[in-house]
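The structure appears right after this line, and notes come after that.
Protein chains: 4
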Amino acid sequence: MSRGLNKVMLIGHLGRDPEMRYTPSGRPVTTFTIATTRTWNTSNGERHTETEWFNVVTWGNLAEICKQYLSKGQQVYVEGRLQTRRWEDSEGNKHTSVEIVANEMMILGERREPLSNNHFTESLQETHSTDEEIEEDEYPF
Amino acid sequence: MSRGLNKVMLIGHLGRDPEMRYTPSGRPVTTFTIATTRTWNTSNGERHTETEWFNVVTWGNLAEICKQYLSKGQQVYVEGRLQTRRWEDSEGNKHTSVEIVANEMMILGERREPLSNNHFTESLQETHSTDEEIEEDEYPF
Amino acid sequence: MSRGLNKVMLIGHLGRDPEMRYTPSGRPVTTFTIATTRTWNTSNGERHTETEWFNVVTWGNLAEICKQYLSKGQQVYVEGRLQTRRWEDSEGNKHTSVEIVANEMMILGERREPLSNNHFTESLQETHSTDEEIEEDEYPF
Amino acid sequence: MSRGLNKVMLIGHLGRDPEMRYTPSGRPVTTFTIATTRTWNTSNGERHTETEWFNVVTWGNLAEICKQYLSKGQQVYVEGRLQTRRWEDSEGNKHTSVEIVANEMMILGERREPLSNNHFTESLQETHSTDEEIEEDEYPF
DNA sequence: TTTT
DNA sequence: TTTT
Numbered sequence: 001m002s003r004g005l006n007k008v009m010l011i012g013h014l015g016r017d018p019e020m021r022y023t024p025s026g027r028p029v030t031t032f033t034i035a036t037t038r039t040w041n042t043s044n045g046e047r048h049t050e051t052e053w054f055n056v057v058t059w060g061n062l063a064e065i066c067k068q069y070l071s072k073g074q075q076v077y078v079e080g081r082l083q084t085r086r087w088e089d090s091e092g093n094k095h096t097s098v099e100i101v102a103n104e105m106m107i108l109g110e111r112r113e114p115l116s117n118n119h120f121t122e123s124l125q126e127t128h129s130t131d132e133e134i135e136e137d138e139y140p141f
Numbered sequence: 001m002s003r004g005l006n007k008v009m010l011i012g013h014l015g016r017d018p019e020m021r022y023t024p025s026g027r028p029v030t031t032f033t034i035a036t037t038r039t040w041n042t043s044n045g046e047r048h049t050e051t052e053w054f055n056v057v058t059w060g061n062l063a064e065i066c067k068q069y070l071s072k073g074q075q076v077y078v079e080g081r082l083q084t085r086r087w088e089d090s091e092g093n094k095h096t097s098v099e100i101v102a103n104e105m106m107i108l109g110e111r112r113e114p115l116s117n118n119h120f121t122e123s124l125q126e127t128h129s130t131d132e133e134i135e136e137d138e139y140p141f
Numbered sequence: 001m002s003r004g005l006n007k008v009m010l011i012g013h014l015g016r017d018p019e020m021r022y023t024p025s026g027r028p029v030t031t032f033t034i035a036t037t038r039t040w041n042t043s044n045g046e047r048h049t050e051t052e053w054f055n056v057v058t059w060g061n062l063a064e065i066c067k068q069y070l071s072k073g074q075q076v077y078v079e080g081r082l083q084t085r086r087w088e089d090s091e092g093n094k095h096t097s098v099e100i101v102a103n104e105m106m107i108l109g110e111r112r113e114p115l116s117n118n119h120f121t122e123s124l125q126e127t128h129s130t131d132e133e134i135e136e137d138e139y140p141f
Numbered sequence: 001m002s003r004g005l006n007k008v009m010l011i012g013h014l015g016r017d018p019e020m021r022y023t024p025s026g027r028p029v030t031t032f033t034i035a036t037t038r039t040w041n042t043s044n045g046e047r048h049t050e051t052e053w054f055n056v057v058t059w060g061n062l063a064e065i066c067k068q069y070l071s072k073g074q075q076v077y078v079e080g081r082l083q084t085r086r087w088e089d090s091e092g093n094k095h096t097s098v099e100i101v102a103n104e105m106m107i108l109g110e111r112r113e114p115l116s117n118n119h120f121t122e123s124l125q126e127t128h129s130t131d132e133e134i135e136e137d138e139y140p141f
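Residue numbers (UniProt numbering), protein chains in the order written: chain E, 1 to 141; chain Z, 1 to 141; chain L, 1 to 141; chain U, 1 to 141.
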């Protein structure tokens, strides 16, 4: 039973094809970006448009599904929590990254062909063999 | 009619009393921080706790309500959109800030005494006289 | 400042073209239905699918936009509150209806042509002349 | 990967203590009601208040947690999906019931004492022995 | 039937 | 920096 709510819901389009990697222990991680466009009218009647970009991260099964079904330009619904990570690079510079750790994803609009990926599926089988549970923050990217 | 969804919903506790300021044109802006605590169990049975901090910004009427009714430690529900702002300081360093621009707020738990603020209310009247509509990004903070 | 949250978010397809009517005072009301499909796997590996139907109601400007842009089969995102109305028909039978009173709507998927409706737009102008604010529950339908 | 969104989020107070029962196969189900109060101002400056009542259903682990920690009057956050069930009673009358099938629950406000329930815990152990997975709609209530 |  |  949690004591806090941290929920983000997005609808937007993928900025690029998703990328899948693996943690040292073999857990799949898929990342992609979503552009969300907001339009509004100012008091003097002008129309404004602003695009906000989000970094989305998915883990485990959902990571594989995202890699397999999503591609650049597609419209998706994504739900998850907001996470800020801070780290230092090798030169000691501090960085902050804000990500949506998604636990739900829905493809919107017309159905596209699932990516043809016999190859993909095979490689999944191999890598997936070590699927022990790991900490999410174990993975540096 | 919008074409994108960018929604954030938080429940957490205020890290400090809210601060209210005004844009050059007299529009009130209130900022505060919210801590959201997440707890989960790892596969080896350990219990983890992680606190995420959020910067919340409110405008106009809601800014005044937040200033008037919220105080450090209080539990609130906040709903809004996620906004990333990038700017350079006077020395040319680049900064990024991520904020929740809230359009709804609910006080949770027991009712606290509204802050005694005859003084506050008066000053509101004065400042509020110039209430023309301005762009949100007009305000640097 | 509200003290309760009652929020519904749906993504689904319209079951029929929306219908627009007017309250006695001239306020537009548009109603339509949305089908939301849920799929899940049972423990014995069977795949289940269930479709839930929702009655959606919109008022004012949004009612006009829904009438103008939505049509049967379209995929939409809808956000609003859940409302239960109880009433008796002329024969004394009691009825209950559950509706989503939507305050946000987004068209998903590919953009369709806006319905050609010079006629529609004209009639809107006429009817719209009496646009005083009325109680939502004033309208029996 | 789902193709529809059906999400309800509520904050309100419990109208009565939750009730826990078991399906024939031993799966716990807990039901309770939540009151959500909405206040708004009409155009002529009057203040209105309306309370909406929701039937909430929880299953499995969450059912046990709700039974154990919730009691009448408590403020909670509840998240789930909207479900309409139709059935006929023994006299052939048709009924419709609308429920929130919750999958998340958060207690809001001050912490109350967990209900003292050594007895409760014991009885849980016994009944829980048959914890096979069953269909949700298997349970008539 | 709850709460403020 | 909050809360439990």
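Glycine is no exception: its CB is placed at the ideal position from the N, C-alpha and C atoms.
Since the model is a prediction, treat every value here as computed from it, not as a measurement.
query	result
From this set, 30/L, 55/L, 20/L, 44/L, which residue's C-alpha is nearest residue 83/U's C-alpha?	55/L
Relative to the C-alpha of residue 50/U, which candidate in 60/U, 35/U, 44/U, 61/U has its C-alpha closest?	35/U
So, is the C-beta of residue 3/L closer than 7 Å to a C-beta in chain E?	no
If you measure from the beta carbon of residue 20/U to each beta carbon in chain E, is any gap under 7 Å?	no
Suppose the cutoff is 8 Å on Cβ atoms and the five residues either side in sequence are ignored; what does the same chain contact list for residue 33/Z look like?	14, 15, 16, 53, 54, 55, 56
Less than 7 Å between the C-beta atoms of residue 31/L and residue 19/L, yes or no?	yes
Check residue 15/E in the structure and name its three-state DSSP category.	coil
Just the Cα atoms here: how many angstroms apart are residue 4/E and residue 91/L?	49 Å
Can you check which of these residues, 59/E, 43/E, 46/E, 7/E, is closest to residue 22/E by C-alpha distance?	59/E
Any idea what DSSP makes of residue 67/U, helix, strand or coil?	helix
What residues from chain L crowd round residue 100/E, counting only those whose CB sits closer than 9 Å?	Within chain L, no residue comes near residue 100/E; the closest Cβ sits about 16 Å away, beyond 9 Å.
Just to make sure I have the definition right: I need the residues of chain E whose C-beta is within less than 8 Å of the C-beta of residue 75/L. Which are they?	108, 109
Tell me the rounded alpha-carbon separation between residue 63/Z and residue 69/Z.	10 Å
Should residue 61/U go down as buried or exposed, given a rule of 16 or more other Cβ atoms within 10 Å for buried?	exposed
Please say whether residue 80/E and residue 44/E have beta carbons closer to each other than 7 Å?	no
According to DSSP, residue 143/U sits in a beta bridge with which residue or residues?	Here chain U comprises residues numbered 1 to 141, so residue 143/U is not present and cannot be evaluated.
Residues in the same chain with beta-carbon distance under 7 Å from residue 39/L, minus the five sequence neighbours each way, listed in chain order, please.	47, 48, 49
Run the CB neighbour count on residue 12/Z, radius 10 Å, all protein chains shown included, and call it buried at 16 or more, exposed below.	buried
How would you list, in chain order, the residues of chain Z whose beta-carbon sits under 9 Å from the beta-carbon of residue 11/U?	11, 77, 106, 108
I need the DSSP call for residue 10/U, collapsed to helix, strand or coil.	strand
How about residue 72/E: is its C-beta nearer than 7 Å to some C-beta of chain Z?	no
Using the C-alpha atoms, what's the distance from residue 88/L back to residue 8/Z?	40 Å
Which class does residue 5/Z belong to by DSSP, given the choice of helix, strand or coil?	strand
Relative to the C-alpha of residue 78/L, which residue among 85/L, 99/L, 110/L, 24/L is closest?	99/L
According to the neighbour-count rule (16 or more other Cβ atoms, all chains shown, within 10 Å of its Cβ), is residue 72/E buried or exposed?	exposed
Counting contacts by CB-CB distance shorter than 7 Å, is residue 64/L in contact with chain U?	no
Find the residues of chain U that neighbour residue 6/L, judging by a C-beta separation of less than 7 Å, and give them in chain order.	10, 36, 38, 52
Residue 61/L by DSSP, collapsed to three states: which one?	helix
If we ignore side chains and look at the alpha-carbon of each, how far apart do residue 67/U and residue 106/U end up?	13 Å
Residues of chain L with CB under 8 Å from residue 84/U, in chain order?	52, 53, 98
In this structure, how does DSSP classify residue 91/E when only helix, strand and coil are distinguished?	coil
Is residue 20/L helix, strand or coil when you go by DSSP?	strand
Determine the closest residue to residue 29/E out of 109/E, 110/E, 101/E, with distance taken between C-alpha atoms.	101/E
Which residue comes first and which comes last in the beta strand (DSSP E) that contains residue 27/L?	That residue, residue 27/L, is in no beta strand (DSSP E); it is neither H nor E in DSSP.
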